[in-house]
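J.:
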């Protein structure tokens with residue numbers, strides 16, 4: 001146990017990342033104030049309150065990132081806030097896909113809600129004199145206009161104007177949010193740490209997360225159904241284990257000199273290699289058709305900053321195996 005006289009606030013406590021930060025913080029002995037839009041949600045709250053240590057040290061609050069005042073109570077007396085509620089927005093209010101919007105709608109319905117939500121929480125943190133702010137962003141904010149062989153968090157930000165011109169508003173939301181968060185933190189004397197994950201696997205805490213995205217695809221493949229792809233893509237995917245991502249977040253908080261952006265991925269693998277690993281665990285009929293030709297070069301990362309936090313991450317075969325073995329148990333019935 002560590003610093004168990006301190007209270008941490010996790011915004012988005014029922015989210016994929018947030019729930020694992022709650023789990024890790026409780027395991028480390030902290031008190032946790034967790035926020036979700038409805039703290040009494042029967043599909044979410046019971047799973048959080050069932051975590052070890054939750055009965056004694058977890059308090060849930062209802063809060064919406066659109067309303068800054070909602071966060072005053074959960075942030076009162078906290079030593080840090082973990083902002084893990086900035087979920088990517090892929091469509092507008094009427095269901096229009098982000099890529100089909102003009103720039104005005106892209107800003108209004110995709111980019112601004114994420115930027116404003118983050119700033120609303122940071123404003124509440126400033127009011128409550130919370131100086132440690134740890135934000136979950138995405139590697140989508142580290143895609144420079146000209147590709148580089150090995151990218152790092154400092155020298156290779158995404159080009160906002162290029163993202164806008166390509167109608168990549170969902171990626172641009174993180175680029176804009178990070179810039180605004182940095183400016184706010186500098187003005188208000190907050191230490192800002194930003195983590196950049198991509199695809200996160202491993203056992204989930206809430207059932208809804210096991211039924212989404214690649215978790216759902218893997219569960220389908222275990223039953224012999226097709227997953228995400230009919231044919232193996234030529235590209236690559238960056239992967240990390242949820243528990244390792246949460247460990248990085250806590251390390252970012254517990255390392256006083258930590259500041260700025262950090263990759264939160266183990267590495268990037270070609271989809272061909274990912275499916276070869278999955279093929280050790282699922283029926284052959286579930287696998288996509290082989291790639292015709294050689295895969296593209298996977299994303300290269302400089303992990304110097306990530307590794308400075310002292311967290312050892314599981315490799316991709318281990319992460320896939322743990323996820324698939326867990327899914328085989330049908331953990332939520």
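Residue numbers (the UniProt record's numbering): 1 to 333.
Glycine included, every Cβ here is placed at the ideal spot set by N, Cα and C.
1) Can you tell me which of the three DSSP states residue 240 falls into?
2) Please state whether DSSP places residue 288 in a helix, a strand or coil.
3) What is the DSSP secondary structure of residue 78, counted as helix, strand or coil?
4) Does the beta-carbon distance from residue 194 to residue 261 come in below 7 Å?
5) Give me the Cα-Cα distance between residue 377 and residue 263, rounded to the nearest whole angstrom.
6) Where residue 108 and residue 37 are concerned, what is the direct C-alpha to C-alpha distance, given to the nearest angstrom?
7) Please report the distance separating the alpha-carbon of residue 60 from that of residue 178.
8) Given a threshold of 16 other Cβ atoms within 10 Å of its Cβ, counted over all protein chains shown, does residue 226 qualify as buried or as exposed?
9) Under DSSP, the alpha helix (DSSP H) around residue 269 begins and ends at which residues?
10) Taking the alpha carbon of residue 230 as the point to measure from, which residue in 292, 57, 329 and 98 has its own alpha carbon closest?
11) Flag this pair as yes or no: are the beta carbons of residue 135 and residue 83 separated by less than 7 Å?
12) Beta-carbon within less than 8 Å of residue 93's beta-carbon, same chain only, minus the 5 sequence neighbours each way: which residues are those?
13) By Cβ distance below 6 Å, which residues in the same chain neighbour residue 152 in space, the five residues on each side in sequence not counted?
14) Could you have a look at residue 306 and say whether DSSP puts it in helix, strand or coil?
15) Do residue 142 and residue 392 come within 7 Å of each other at the CB atom, strictly closer than that value?
16) Which same chain residues end up closer than 6 Å to residue 268 when comparing Cβ atoms and leaving out the 5 residues on each side of it in sequence?
17) Taking the straight line between their C-alpha atoms, what separation do you get for residue 275 and residue 247?
18) Pick out whichever of 62, 201 and 128 has its Cα sitting closest to the Cα of residue 338.
19) Measure the alpha-carbon distance for residue 192 versus residue 127 and round it to whole angstroms.
20) What do you get for residue 71, buried or exposed, if any count of 16 or more other CB atoms within 10 angstroms of its CB means buried?
21) Determine whether the beta carbon atoms of residue 163 and residue 149 lie at a separation below 7 Å.
22) If residue 131 and residue 190 are in contact, beta carbons under 8 Å, what's the gap, nearest whole angstrom?
T.: In short, the structure shows the following:
1) Three-state result, residue 240: strand.
2) coil
3) Reduced to three states, the DSSP call for residue 78 is coil.
4) Yes, the pair counts as a contact, with Cβ atoms nearer than the cut-off.
5) Since the first residue shown for the chain is 1 and the last is 333, residue 377 is missing from the structure and cannot be characterised.
6) 21 Å
7) 27 Å
8) exposed
9) Note, residue 269: premise wrong, no alpha helix (DSSP H); beta strand (DSSP E) at 267-270.
10) 292
11) yes
12) 109
13) Excluding its 5 nearest sequence neighbours in each direction, residue 152 has C-beta neighbours in its own chain below 6 Å: 302, listed in chain order.
14) For residue 306, the three-state secondary structure derived from DSSP is helix.
15) This structure cannot speak to residue 392, because the chain is shown only from 1 to 333.
16) 236, 238, 298 and 299
17) In this structure, the CA atom of residue 275 is about 27 Å from the CA atom of residue 247.
18) Here the chain covers residues 1 to 333 and nothing more, so residue 338 does not appear.
19) If you draw a straight line from the Cα of residue 192 to the Cα of residue 127, it comes to about 16 Å.
20) buried
21) no
22) Between the beta-carbon of residue 131 and that of residue 190 there is about 5 Å, and that keeps the pair under the 8 Å contact cut.
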